[in-house]
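Presented below is the structure to which this report refers.
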Amino acid sequence: QVQLAESGGGLVQAGGSLRLSCAASGSIFSINTMGWFRQAPGQQRVLVATITRAGSTNYADSVKGRFTISRDNAKNTVYLQMNSLKPEDTAVYYCNADIRRSILSNYWGQGTQVTVSS
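Plus 111 on top of the position in the sequence shown (first one is 1) and you've got this note's numbering.
Next comes the structure, spelled out in structure tokens:
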């Protein structure tokens, strides 16, 4: 069984910063792409950022220059450093990972709330 455990969400004022973490645990052979998605109330879940095992990154236009995704392969952990936060960044943030056990499957975390006040 595999679990993705997110942490680091909370309430912050506009212009502030938060750092999200997501640790994968369980019987894992390897992890390919890891990423963060977010879902605001009444909206669809959308991509925020992804990072490959080799470290190649991809960002949504709305967060470029403000958010930084990184990972520690030895710890099976992905991070999202969020700076210059805006009220429109308010959402539940979900961790996502392509994890290989006997086969390659996609997994989601339970989500962590990020609220940015104006």
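Cβ atoms here follow ideal geometry from the backbone N, Cα and C, with glycine treated the same way.
Closest Cα partner of residue i within the set the options
{"i": "ALA202", "options": "ALA116, GLN114, SER181 and VAL123", "result": "VAL123"}
{"i": "ALA185", "options": "PHE140, TYR205, LEU129 and SER118", "result": "PHE140"}
{"i": "ALA165", "options": "GLY137, GLY119 and ASN143", "result": "ASN143"}
{"i": "LYS175", "options": "THR163, SER195 and ARG182", "result": "SER195"}
Identity of the residues DSSP links to residue i by a beta bridge
{"i": "SER141", "result": "ARG211"}
{"i": "THR201", "result": "In the DSSP output, where bridge partners are listed per residue, THR201 has none listed."}
{"i": "ALA116", "result": "ALA134"}
{"i": "GLN192", "result": "ARG130 and THR179"}
{"i": "GLN221", "result": "BP columns for GLN221 are empty, so no partner."}
Expected contact under 8 Å - CB spacing of residue i and residue j to nearest Å
{"i": "VAL225", "j": "CYS133", "result": "13 Å between Cβ atoms; not a contact."}
{"i": "LEU115", "j": "ALA160", "result": "The Cβ separation is near 15 Å, so there is no contact."}
{"i": "ILE210", "j": "SER181", "result": "Going by Cβ atoms, the distance from ILE210 to SER181 rounds to 18 Å, so no, they are not a contact pair."}
{"i": "THR223", "j": "GLY120", "result": "3 Å"}
Buried versus exposed, by CB contacts within 10 Å (16 or more), residue i
{"i": "ASP172", "result": "exposed"}
{"i": "TRP147", "result": "buried"}
{"i": "ASN187", "result": "buried"}
{"i": "GLY220", "result": "buried"}
{"i": "VAL157", "result": "exposed"}
{"i": "ARG149", "result": "buried"}
Closer than 9 Å to chain C by CB, residue i
{"i": "ALA135", "result": "Among the protein chains of the structure shown there is no chain C, as only one such chain exists."}
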